[in-house]
Every structure is written in structure tokens, then in C-alpha cells.
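Structure first, then comments.
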Amino acid sequence: MKRLLLALLPWMALTTATAQVRHVEVAYTHFGDTPQKAFRLGDEVFVPTDALAAWGWKAVRRGEIFELEAEGRKFSLPSRDFSGTRAIPFLRALEQIGGSSSWVVGSDKLEVFGAISSITLRDGKISVGSSMQVRPNAFYLANPHRLVLDIDGARLTRATMQELEGTARVSQFKPNTVRIVVEPGFVPELPPTRPVAGQQIEFQVRAASMAPVTRPPVQPPVLEGVTPPPPPVAILDPLPAIGDPLDLRVDSDTPARTQLGVRLPRVLGEVRLRRPDPVTLEVVLPGASLRLPDDFKLATDAVARAETRAVGADTVLTLHLPRPMGAELWTEGPRVGISLIKPNVGDGRLAGKVIVVDPGHGGTDPGARAGNVSEKNLTLAISKLLTDELAAQGATVIMTRKTDVAVSLGERANIANRNNADLFLSVHINSTAGRPQTGVITFHHRNSQVSKLLAECINREIAKVSKLPDLGVWSDGRIYQNGFAVLRNTKMPGVLLELGFINHPTDRARMVTADFQKSVAQAVVRGVRVYLGDAKAKEEE
Ligand SMILES: [Zn+2]
Numbered sequence: 042m043k044r045l046l047l048a049l050l051p052w053m054a055l056t057t058a059t060a061q062v063r064h065v066e067v068a069y070t071h072f073g074d075t076p077q078k079a080f081r082l083g084d085e086v087f088v089p090t091d092a093l094a095a096w097g098w099k100a101v102r103r104g105e106i107f108e109l110e111a112e113g114r115k116f117s118l119p120s121r122d123f124s125g126t127r128a129i130p131f132l133r134a135l136e137q138i139g140g141s142s143s144w145v146v147g148s149d150k151l152e153v154f155g156a157i158s159s160i161t162l163r164d165g166k167i168s169v170g171s172s173m174q175v176r177p178n179a180f181y182l183a184n185p186h187r188l189v190l191d192i193d194g195a196r197l198t199r200a201t202m203q204e205l206e207g208t209a210r211v212s213q214f215k216p217n218t219v220r221i222v223v224e225p226g227f228v229p230e231l232p233p234t235r236p237v238a239g240q241q242i243e244f245q246v247r248a249a250s251m252a253p254v255t256r257p258p259v260q261p262p263v264l265e266g267v268t269p270p271p272p273p274v275a276i277l278d279p280l281p282a283i284g285d286p287l288d289l290r291v292d293s294d295t296p297a298r299t300q301l302g303v304r305l306p307r308v309l310g311e312v313r314l315r316r317p318d319p320v321t322l323e324v325v326l327p328g329a330s331l332r333l334p335d336d337f338k339l340a341t342d343a344v345a346r347a348e349t350r351a352v353g354a355d356t357v358l359t360l361h362l363p364r365p366m367g368a369e370l371w372t373e374g375p376r377v378g379i380s381l382i383k384p385n386v387g388d389g390r391l392a393g394k395v396i397v398v399d400p401g402h403g404g405t406d407p408g409a410r411a412g413n414v415s416e417k418n419l420t421l422a423i424s425k426l427l428t429d430e431l432a433a434q435g436a437t438v439i440m441t442r443k444t445d446v447a448v449s450l451g452e453r454a455n456i457a458n459r460n461n462a463d464l465f466l467s468v469h470i471n472s473t474a475g476r477p478q479t480g481v482i483t484f485h486h487r488n489s490q491v492s493k494l495l496a497e498c499i500n501r502e503i504a505k506v507s508k509l510p511d512l513g514v515w516s517d518g519r520i521y522q523n524g525f526a527v528l529r530n531t532k533m534p535g536v537l538l539e540l541g542f543i544n545h546p547t548d549r550a551r552m553v554t555a556d557f558q559k560s561v562a563q564a565v566v567r568g569v570r571v572y573l574g575d576a577k578a579k580e581e582e
């Protein structure tokens, strides 16, 4: 597809330029909206040494090594040059400090948290141990009268020691806030609301019986003193799976679609949907500690098993599906809806299905060309192998062309619609007008969740054998607002494969091999069988 390629260019140029070093931001969560610029390289994040002072870190250079003093600890780390900027490996530094971090979903911002090592309320005194600076923020609530102490920039861990008198409670109130609530019976002094340097915060609370509540609640802050830092705590483990029961139910159930509903106790952030494989859906409920009973069973056969686990401050709801399904997520306040879209796959077997295979271009339209190779010849060769594989497993296969002839885009879609095909598979080879790119993309039509599922199943199998980079599953809406004509005008689930870049020497050399053409054809068939829910497809992997 030649026109596609020009449209791809701006995106491609961007990813290439940033493939190695990515510009990101690092924010101590209680430092507000002034994150520091940093570089991400592989799994490590490098922070320029001249930015460290903003966090109160001291850095002294000894050749390539930096001696650092941070959060009450001293250690040395190697540094690295980024176009004239010296930077240190930040995640290694965090390990030394015993801090924790996580990426803000959908962004290049890394948030940094202190790990709470201990919380005690004893003899009228609250002590909080943290691996890093935190910002306590205290206020009173009435009816009943209670003190709330929010510790911003902190997370509870599996290792957090809690020793609490009376009815005091501790919770991970938000992803970056630990909340301590002290019930009536104590009348504490309010602690400071600025960031507290050092690792141990202590402040006085007094029993109500010792001091009648006659004075206004706001008093000058009392900071009892700063004790030496505790030994570094382990990097955050998942929180233990304790919490309130998760309210998960079936709202409606039809052969085509099952609608599940979740009601959260409160809204704490963006709920996300992930699909680690075609039969597993994960719903991430941020900042929630919720659980399903071990013997929980949903009143639908669209879900084989549902379970919860705690990951950091979040709860992950995992739905194990009996076969691949499309999925959609919506939220409305604390209500979360999950739609499971069940493709019509008949008996779930490839045998007896009608499949249209569409070799791109042909005749007077050669498609993309480079190094004496034409897209139209490659797509025909691969499509014939694909047709043979599908037919050998009992499918009825119709090709939109079997020879080097031109067929209009409208006619290609008509062939599939006329024959009431179950699936439409279009085969193309990519190209760029400028700098060559490399890799495989599987396209689906923009609003079709079922076609997206088919694309995910096929793309996953191709990635195992192509020996080219996997550029993933794309909506055709990313290329044209209305998508590709052949996907828009076909009435059945379909995909358009871009199997590599003809003007990239590595891709071209690979795509002309018999091994590539045969193994990709077989991979597409495996992907189709996974999509159909054919249990044997998994065994044959
Ligand atoms: Zn093409």
C-alpha cells in the first residue's frame, strides 16, 4: 500500500529518533508539578546530575563515578553522558535508598515514592518510618471527632510494621498517599505540612482524658525530632490481598455479548483493560484493595474463572475466558462496565469455514517496489501458501485473485460479501518513501472489537516466526480517518497484514525466503484457529 506509507512517515520518524533514548520526567510525588527531565534507556532512567540538588541530593564527581548523598544515605554510582549531559542511573539509586517508583499510565512520567517501614501509635505518640522524604498533612474531621494524617509520597509495603493502639487505622488511601486515622480518645497536635527531611517523623498525641477538648484544633506544629535512618527496606512487594469484597456481577448475558459490572468504593484513578493473551483479560482498579472469595463464580459461562490480586496499591481483576473474546471498558463515576464481545465462530473449527484471502495489488498496480522485488508478486506468493494451508485444514478458501491481474478495492470486498465469508484476510507488504523502516503490522478496522481480536490472535503468531520486529496491532483509523476500503466495506471480521518493509534490505531479504513465506502462512492459520477457539491450536504451538 503505497499511500499508507507516506501517512506512516511522521510516526515512523518519531519512533526511530527516540528508539534508543527516550525523554522522560521524574517526579518526587510530594514535590508537586516540578518533575525533573530525565532519559530512559532500556529499563534504566538516567537523571542529570545537575537536577539532583532540587531533591536535596548531593553529588560529587570522581571521574566517571559520582559519590552521592541522598535521603540520609551515601553511595557511589557510575554515570553516563547524554550529548554532553552527565546523568546517573536513578533506579539503581532508588534501590540504594529503598524507595519505590512507578510510571504514570499513558505517560513518560515516573513517580517516586517513599516506602513506609513502620507506623506506631503508642503512649500518645505517632511514629512513622519512611525510606525517603514524605509530606505529612494532618486535619480534623468532625462527627465523630478524629484526626486524619495523610502522608503524601509514600506507599505501604508488605514489610510495613504496624503497631497501633486503640482504633487507629492505616490504609493506602491513594496510590501516593498513606492515611492514618486516629479515632476519638486522642487529641493530637497537628504535625507540619511541609516535606519532612529525614526518615522518622514523630509527633505527640495525648489522651482526651488528659486534655479536655476546649482549644481550637489547630496548634503550632510539634516535631519531636529526627532519628537516624533505619536500614533500607526492600523494594515494594505487592500488598497482601486483603480488603473489601469486590462487587462484580453479570448485568446482561446474550449469545453475542456479556456485560459485567463492577462498583468501586470510590474513584481513585483511571481503570485500565489489558489482554496479556487472547483468553485472559485484566482490569486494573487503581488504588483499590478489593478481593473476590476463593470460590467465586460468575453467573455466566462467558467467564471460566475470575480472581483478584494486589499489585502495589492497585487491585487487578483477572478474567479467564473459555475462548478469545473482544472486550470494551467504560467507566461512570465509581461504576465500571466490562463488555465481553463473543465472535460468532460457529462450532469453533476451521473446517467448513469460508475464508477470503486477498493478495494485495496485481496487474498494472505493482504496489511497492524495491531491489527488483514487487509487492504484488510477494503478496500473491504468500497468499497462495496461506490458501493451501487453510484448505488443507478443511476451510473453503476464495482468493480475490490467483494471477497477476488488477482487481479493484470495491470488487475485493464484494467477493467476500457475495460469498458470505466468515473471515477476510488481506496480504500486503509495507514501504516508506524515505528512510527505510522495519517490522510487521497487523491492521483491523477501527471500530470492530471482533476484528481487533482476530488481529491480536494472528499478530501474536506471526511475531513468533517472522524474525522481524513486531510493530503490533493497529487500527486502520491511524492511517485514514475512515480506515482502509477493503476492511471498511467487508461485512465480516477481517485483517490487513503488512508483513515487512520492502525497501528495508533486512526485511526484503527475509520476505523473499521460502522459510518466511511458509512460516508466516502457517502462523496466520494458527492465529485464525486461536481466534476460533480451536483447542487444538494451542496444543500445536
Ligand atoms: Zn499494499
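So the sequence shown is numbered by this note's numbering: it starts at 42 and just counts up by one. Think of the CB as a built atom: it goes at the ideal place given N, C-alpha and C, for glycine as much as any other residue.
| Check | Outcome |
| --- | --- |
| Where does Asn460 sit, in a helix, a strand or coil, going by DSSP? | coil |
| Strictly by DSSP, which residues pair up with Pro286? | Arg332 |
| So, Val377 versus Val312, is the Cβ gap smaller than 8 Å? | yes |
| Apart from the five residues on each side of it in sequence, which residues of its chain come closer than 6 Å, Cβ to Cβ, to Trp515? | Ile482 and Phe484 |
| Can you tell me whether Met533 is buried or exposed, with buried defined as 16 or more other CB within 10 angstroms of its CB? | buried |
| What is the DSSP secondary structure of Leu314, reduced to helix, strand or coil? | strand |
| Suppose contacts are defined by Cβ-Cβ distances below 8 Å. Is Asn460 in contact with Val395 by that definition? | yes |
| Would Phe154 pass as a contact of Ile129 if the rule is Cβ separation under 8 Å? | no |
| If you compare alpha carbons, which of Thr547, Gly568, Asn544 and Pro546 is closest to Leu538? | Gly568 |
| Tell me the DSSP secondary structure of Gly97 in three-state form. | coil |
| I'd like to know whether the C-beta atoms of Gly170 and Ser158 end up nearer to each other than 8 Å. | yes |
| To which residues does DSSP link Asn471 through a beta bridge? | Phe542 |
| Helix, strand or coil for Lys559 per DSSP? | helix |
| Pairing CB atoms from the segment 548-558 with CB atoms from the segment 361-373, are three or more of them under 8 Å? | no |
| Could you check how far apart the C-beta atoms of Ile423 and Val386 are, in whole angstroms? I think they sit under 8 Å. | Not confirmed; about 24 Å, so no contact. |
| Nearer than 7 Å: is that true of the beta carbon of His545 relative to any heavy atom of ligand 1? | no |
| Out of curiosity, what's the CA-to-CA distance linking Thr27 and Leu450? | As displayed, the chain neither begins before 42 nor continues past 582, which places residue 27 out of reach and without an answer. |
| Leaving out the 5 sequence neighbours to the left and right, which residues in its chain are closer than 6 Å to Gly518 when beta-carbon positions are compared? | Arg487 and Gly524 |
| Quick check on the DSSP output: the alpha helix (DSSP H) that includes Leu360 runs from which residue to which? | Per DSSP, Leu360 belongs to no alpha helix (DSSP H); it is in the beta strand (DSSP E), Asp355 to His361. |
| Name the residue from Glu204, Leu197, Ala555 and Met202 whose alpha carbon lies nearest to the alpha carbon of Arg220. | Leu197 |
| Please report the straight-line C-alpha distance between Ala200 and Gln300, rounded to a whole angstrom. | 38 Å |
| Roughly how many angstroms lie between the CA atoms of Ala48 and Gly475, to the nearest whole one? | Per-residue confidence for Ala48 stands at a pLDDT of 46, beneath the threshold of 50, marking its modelled position as unreliable; the derived number appears in the next sentence. In a straight line, the C-alpha of Ala48 is about 12 Å away from that of Gly475. |
| Taking 7 Å as the line, does the beta carbon of Glu452 fall inside it for any heavy atom of ligand 1? | no |
| If we ignore side chains and look at the alpha-carbon of each, how far apart do Arg63 and Val145 end up? | 15 Å |
| For Glu105, is the classification buried or exposed, using 16 other Cβ atoms within 10 angstroms of its Cβ as the cut-off for buried? | exposed |
| Mapping the DSSP letters down to three states, classify Tyr69 as helix, strand or coil. | strand |
| What distance in whole Å lies between the Cβ atoms of Val491 and Ile382, which are believed to be in contact at a cut-off of 8 Å? | 6 Å |
| Looking at Gly97 and ligand 1, is the gap between the Cβ and the nearest heavy atom below 7 Å? | no |
| Which value, in whole angstroms, describes the spacing of the CA atoms of Asp511 and Ala179? | 50 Å |
| Expressed to the nearest angstrom, what Euclidean distance is found between the alpha-carbon atoms of Lys150 and Val65? | 6 Å |
| Distance, Cα to Cα, Gln240 vs Pro477? | Note that Gln240 scores 47 on pLDDT, short of 50, meaning its location in the model is unreliable and no value can be drawn from it. |
| Could you compute how far the alpha carbon of Ile543 sits from the alpha carbon of Ser415? | 8 Å |
| Determine the closest residue to Asp342 out of Pro334, Ala354, Ser330 and His361, with distance taken between C-alpha atoms. | His361 |
| Residues in its own chain within less than 7 Å of Trp371 by CB, not counting five upstream and five downstream? | Gly378 |
| Any heavy atom of ligand 1 within a distance shorter than 7 Å of the CB on Ile482? | no |
| Output the distance between the C-alpha atoms of Ala111 and Thr359, rounded to the nearest integer angstrom. | 39 Å |
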